[in-house]
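Residues 1 to 678 (UniProt numbering) make up the sequence shown, in order.
Take a look at the structure set out below.
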Amino acid sequence: MSSVRPARVPTARKSPPSGPGSLTAVQRRLGRDWRLAALFLAPMAVLVGGLVLVPIARSIITSTTERHGQDSVFVGLDNYLALVGDDQFHTGVVNSFVFTAYAEVFKVVLGLAAALLLHHRRRGRAVLAGLLLVPWVVPTVVTAFSWRALLDPIFGSVNTLLTATGIGPLLASAHLVDSWPAGWLSDPSLAMPSVILVNVWKGVPFFTVCFLAGLKAIPADLYEAATIDGASAWQRFRSVTLPGLRHVITVTVTLSSIWTFNNFDLVWLLTQGGPGDVTAPYVLIAYSKAILQLQYGAGAAVTLVMLPIIGGLVFVLVRLLRQDTNIKLPRRRRAARWIGTQRWAATARKALPWVVAALVTGLLAWASPQIFWKAAVVLGVILLIAAGVGRVVSTLQSRGGRRSSSAVSGLGSWAALAGLLFFVLGPLYWIAVTAFKSEGQVVMRTDDLWPTPWTLEQFGALFDNQPFGRWYLNTLLVSAASTAVALVCAALAGYALARLRFRGAQGFTVTVLLTYVMPGALLFIPLYQMLIGARLTDSLWSLVVTYPTFTLPFATWLLVGYFSSIPIELEEAALVDGCSRIQAFGRVVLPLAKPGLLAVALFTLTNAWNEFLFAFVFITKDEYKTLPVGMQSMIAGDVVPQGQLAAASLLVSIPVVIMYALGQRFLTEGLTAGAVKG
């Protein structure tokens with residue numbers, strides 16, 4: 001911030017707002033700043049229109065056609081009607097629902113627990129938060145590879161560890177698994193719970209960061225007042241913490257539900273939808289029909305028929321994000337009616353979560369009875385342990401034993417953190433040690449926990465046997481280019497939507513939100529067709545052009561919130577000093593928005609670095625593959641070069657982990673001041 005010269009704030013009086021007489025007829029009709037807004041929004045409008053809206057329209061048209069040889073024949077609604085009797089499609093929809101619902105429940109519980117544990121720590125909080133953030137940072141292909149190896153029924157460390165501790169046979173005797181050793185990804189009854197477990201492992205850090213940002217925004221005075229009134233820890237949590245996090249929890253769960261419901265890469269890399277179709281989500285069904293069977297119309301119909309569900313989630317998200325800024329004072333003659341409406345709305349808001357929870361619980365019990373009771377047992381054990389520790393602490397406090405209650409509370413916190421860190425860092429530690437083993441150690445499974453001796457053999461084999469350097473360079477170029485495009489366009493569009501006055505601003509903001517949550521599953525089919533027509537497939541340009549579809553809308557949305565948090569008086573002072581609007585934007589607003597810009601850069605760079613679906617569909621030649629697709633191609637059937645994949649995973653993850661370690665403070669600040677904070 002030292003490069004910004006403090007602006008002179010006017011002391012006498014502010015200049016009066018421009019009245020209707022000072023505006024031209026066009027300005028009165030389109031808004032005072034419509035020219036500058038058009039200039040700032042043009043790049044994003046072109047990209048979003050050409051890469052999101054046009055492909056969606058094209059997908060709708062494609063869904064009414066059927067391919068006969070080289071020709072596409074109009075068939076009307078036949079593709080949609082065929083889905084009514086398509087058992088594979090029905091299975092995919094149920095799988096997507098089951099996968100999403102269970103994953104969100106456990107991510108909320110574990111993410112909230114981790115955030116509370118970190119929020120109350122005075123020492124080492126930044127280090128612990130950085131460690132917990134690592135699973136979210138590492139590429140999905142690394143996540144899938146590590147967990148596939150760990151869950152291997154014969155050579156995997158999970159079965160070995162559970163057998164050695166006696167937990168595995170106990171799980172079998174409790175009928176949580178059918179037999180021991182368990183085939184986690186090959187057993188139809190365990191494959192879906194295993195995929196959910198991996199998704200939870202990867203998603204908990206995102207929830208933790210968002211909940212930490214929300215906890216920081218809750219005033220400490222509320223906790224002090226509750227403590228003075230004699231409220232217990234549970235009462236403070238129920239009456240202060242949960243209401244204070246309501247907005248953050250709802251927005252985070254809604255966003256994560258959209259992402260999880262449309263997940264493709266994690267499921268594909270872990271099980272490819274198997275065994276059978278027991279883990280195949282609807283996105284994989286669409287991919288199979290459109291890309292493997294070349295029935296673009298049928299694949300487009302699968303994605304479009306899910307739009308009502310996505311649309312409902314988007315509607316909830318838009319209402320939540322706009323409810324705090326669109327409340328206007330009613331006229332006196334409508335005050336009574338407005339107050340009654342608000343009371344009814346408040347009652348409905350309180351009842352809605354319980355209604356939704358009951359509905360989802362009933363659907364889960366019907367759709368997956370075997371998973372339902374197992375998940376209930378695991379969740380019940382977690383909650384009982386937390387409640388038991390809390391009860392002991394409360395009892396000791398009520399009896400005046402402050403030291404003993406503090407000791408029990410501290411011991412419980414450290415035990416919970418240790419268990420959480422073991423769950424989070426265990427797979428990553430396995431990758432690190434495997435990368436430095438010799439091929440003999442990997443094959444013979446000797447020295448599992450510590451290589452003896454340490455060797456760089458796997459790194460040498462990786463570069464000798466695979467075009468890994470080319471994949472790395474491709475990923476670096478594509479990620480940097482797409483991040484630069486997203487950052488520039490998002491900064492311009494975010495400023496225009498946050499500061500400028502023009503007609504259609506709210507509509508454009510809603511469009512940004514809609515395009516942000518549009519799944520890649522809806523876009524990859526029409527984009528693939530467009531790239532074929534433009535002859536851009538099997539080139540890095542296909543990725544540079546299409547990656548803004550999922551990075552630019554989010555970047556704009558976050559920066560709108562961050563620009564709005566910057567005091568407008570600073571910008572007005574620069575305008576009074578003679579700066580133009582563009583100069584004020586470049587010299588005052590952008591320097592103050594560095595945390596938000598860095599948060600956006602981290603998000604967009606990570607998404608581009610980790611992206612799998614578009615690269616998997618658009619690229620087939622080895623020389624143009626990115627790291628996620630290239631690493632997936634290293635696995636040939638049952639032949640898995642574990643040592644080389646571990647070395648590749650380490651090299652892929654280190655740059656992103658370093659960036660997040662350096663930018664973690666800016667990430668949290670960007671989330672707090674930006675879109676996640678209500």
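Heads up, the beta-carbon is just placed ideally off N, CA and C, and yes, glycines get one too.
Here the structure is a predicted model, which means the values were calculated and not measured.
Query                                                                                                             : Result
Residues bridged to phenylalanine 74 [DSSP beta-bridge criterion]                                                 : Thr65
Cβ pair count under 8 Å reaching 3, the region 572-584 against the region 108-122                                 : no
Three CB pairs or more closer than 8 Å across the region 459-469 and the region 621-630                           : yes
Cβ-based burial, tyrosine 429 [other Cβ within 10 Å; buried from 16]                                              : exposed
Within 9 Å, strictly: CB atoms of alanine 493 and methionine 44                                                   : yes
Limits of the unbroken alpha helix (DSSP H) element including valine 278                                          : Valine 278 -> no alpha helix (DSSP H), and no H or E assigned at all.
Alpha carbon of leucine 307 to alpha carbon of valine 137, nearest angstrom                                       : 29 Å
Given 8 Å, three or more beta-carbon pairs between the region 280-292 and the region 239-258                      : no
Rounded Cβ spacing between valine 600 and tyrosine 495 (contact assumed at less than 8 Å)                         : Actually they do not touch by this definition, with Cβ atoms about 13 Å apart.
Buried or exposed by the 16-neighbour rule on C-beta atoms within 10 Å, applied to alanine 387                    : exposed
Per-residue DSSP class, three states only, for alanine 636                                                        : strand
Proximity below 9 Å, CB of leucine 527 to CB of leucine 304                                                       : no
Continuous alpha helix (DSSP H) assignments of at least 4 residues falling wholly in the region 578-609           : 581-584
At least 3 beta-carbon pairs within less than 8 Å: the region 254-266 vs the region 194-203                       : yes
Same chain, Cβ closer than 8 Å to alanine 661, neighbours up to 5 away in sequence not counted                    : Gly130
Reference tyrosine 562; option with closest CA among Arg535, Pro188, Leu597                                       : Leu597
Extent of the continuous alpha helix (DSSP H) to which alanine 231 belongs                                        : Neither: alanine 231 is in no alpha helix (DSSP H) and is coded neither H nor E.
Cβ-based burial, valine 512 [other Cβ within 10 Å; buried from 16]                                                : buried
Cα-Cα separation between alanine 172 and proline 188, rounded to whole angstroms                                  : 16 Å
Alpha-carbon to alpha-carbon, valine 253 and phenylalanine 554                                                    : 16 Å
Presumed contact (8 Å Cβ cut-off) between threonine 64 and valine 54, rounded CB distance                         : Incorrect: roughly 17 Å between the Cβ atoms, too far for contact.
Burial state of threonine 515, where buried means 16 or more other Cβ atoms lie within 10 Å                       : buried
Minimum C-alpha distance to serine 96 - residue among Phe261, Val629, Ala484, Met631                              : Phe261
Rounded Cβ spacing between leucine 645 and methionine 634 (contact assumed at less than 8 Å)                      : 6 Å
Check whether alanine 144 and leucine 270 have beta carbons under 9 Å apart                                       : yes
CB of valine 560 within 9 Å of CB of leucine 497, strictly                                                        : yes
Valine 302 versus histidine 119 - alpha carbon distance                                                           : 43 Å
When Phe585, Glu457, Gly50, Gly419 are compared against alanine 114, the one with the closest alpha-carbon        : Gly419
The region 433-441 / the region 455-464 touching (three or more Cβ pairs under 8 Å)                               : yes
Inter-residue Cα distance where the pair is threonine 537 and alanine 491                                         : 29 Å
Contained alpha helix (DSSP H) runs [length at least 4] in the region 515-583, N- to C-terminal order             : 520-534, 540-546, 548-565, 568-576
Beta-carbon spacing of glycine 630, tryptophan 471 below 9 Å                                                      : yes
Inter-residue spacing [alpha-carbon to alpha-carbon] between serine 256 and proline 281                           : 16 Å
Residue closest to serine 49, alpha-carbon to alpha-carbon, out of Ile654, Leu552, Ser653                         : The displayed chain sequence assigns glycine, not serine, to residue 49. Cα-wise, what sits closest to glycine 49 is Leu552.
Buried versus exposed call for methionine 530 [16 or more other C-beta atoms within 10 Å across all chains shown] : buried
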